[in-house]
Amino acid sequence: QVQLVESGGGLVQPGGSLRLSCATSGSIFSFATMGWYRQAPGKERELVAGINSFGSTNYADSVKGRFTISRDYAKNTVYLQMTSLKPEDTAVYYCKGVQSRGYSYWGQGTQVTVSS
-11 QVQLVESGGG
-1 LVQPGGSLRL
9 SCATSGSIFS
19 FATMGWYRQA
29 PGKERELVAG
39 INSFGSTNYA
49 DSVKGRFTIS
59 RDYAKNTVYL
69 QMTSLKPEDT
79 AVYYCKGVQS
89 RGYSYWGQGT
99 QVTVSS
């Protein structure tokens, strides 16, 4: 059973930074793509950032220049570095991994709250 476990969320002031981590129970080599999504209260879940097996990344327009997705194969972990955080970044952040054979897995989510 593949498991993804997020960590690193919390309360931060506007303009602050956080780094989210997504640790996988197996090798991240098994995932064709990995991504970070978020869901704010009353809103649909949206893609924040993604990275594929070639290292290509993509970002939502709202986070470009502020967020960076990266991965550490040795630690089987994907990160989301978030800077210049805004109140509208407040949401539950989820990690998702999609294997080349099509199976997808979600983490349980980690809360990020940006407030003064």
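In our numbering, the protein residues as written are -11 to 104.
C-beta atoms are modelled at their ideal positions from N, C-alpha and C, and glycine is treated no differently.
A Cβ-Cβ separation of about 6 Å places Val86 in contact with Ala20 under the 8 Å criterion. DSSP places Val51 within a helical segment (H, G or I) once states are collapsed to three. By the 16-neighbour rule on beta-carbons within 10 angstroms, Lys84 is buried. Here the alpha carbons of Tyr91 and Thr101 stand approximately 30 Å from one another.
Beta-bridge pairing by DSSP links Phe19 to Gln87.
Residue range 34 to 40 is occupied by the beta strand (DSSP E) that includes Asn40.
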